[in-house]
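In terms of the working numbering, the sequence shown opens at residue 2 and continues consecutively. Single-structure report; data block below.
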Amino acid sequence: MAISKRIPERLIFPKGEKISGGGIANDHFTGTAWLQVLVPDDMTFHCPAFNVTFEPGARNNWHKHPGGQILLVTGGRGYSQDEGRKVQVLHKGDIVKVAPGAKHWHGAAPDSWFSLIAIMPNSQKGDAEWLEPVADEEYPVINPGADARSEGEHT
Ligand code: MN
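Printed below as a string of structure tokens:
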């Protein structure tokens, strides 16, 4: 299990800048995450994209994207949940479409790092609306240690 807690320094894209957990103050996360801008927002495409990596247990607050969001999972094991729905367990290669305005959160499993590319279409519709943290009681532990076999985690 300890093996899957180690975040690779680089998967495909750089890990980027620490945005929580003792780095730059960020009220929208629990735990430590890193952010790398891959595609800056612009007035032609209105579709910025980010590489986001979470330490084990790290997740963002409940939030909404006015223009929706697409998540492309690149490594580790994590979760995504729309309000009122079951938690989805995510692995490398999984794709999640978050509908515009849907209240949701995403982040790492308690025992694994987690990395994804977040695509933010329709950025002209506005910034994310950040809400309350995901409480410990609603943050699930599902199949702990199930993915020590995962890619890129052997040394
Ligand atoms: Mn989101």
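Every residue, glycine too, gets a C-beta built ideally from N, C-alpha and C.
| Check | Outcome |
| --- | --- |
| Min CB distance Ala59 to chain C below 7 Å | Among the chains in the structure shown there is no chain C, since it carries only a single protein chain. |
| Pair within 7 Å by beta-carbon distance, Ser5 and Ser113 | yes |
| Cα-Cα separation, Gly127 to Pro67 | 6 Å |
| Environment of Ala136 [buried if 16+ CB atoms lie within 10 Å] | exposed |
| Span separating the alpha-carbon of Ile25 from that of Gly85 | Confidence at Ile25 is low in this model, with a pLDDT of 48, below 50, so its placement is unreliable and no value can be given for it. |
| Proximity test, Gln89 beta-carbon vs the ligand MN heavy atom, cut-off 6 Å | no |
| Cβ-based neighbour list, His47, same chain, cut-off 8 Å, excluding 5 preceding and 5 following | Gly68, Pro122, Asn123, Ser124 and Gln125 |
| beta-carbon Gln70 near the ligand MN non-hydrogen atom, thresh 6 Å | yes |
| Sequence-distant residues of its chain with Cβ nearer than 7 Å to Ile13 (five each side left out) | Thr75 |
| Option in Ser81, His105 and Leu132 with minimal Cα separation from Ser116 | Ser81 |
| Cβ neighbour criterion (16 or more within 10 Å) applied to Ile96 | exposed |
| Alpha carbon of Val90 to alpha carbon of Met44, nearest angstrom | 34 Å |
| Where Lys126 sits in the DSSP three-state scheme | helix |
| Integer Cβ distance of His29 from Asn61, believed to fall under 8 Å | 6 Å |
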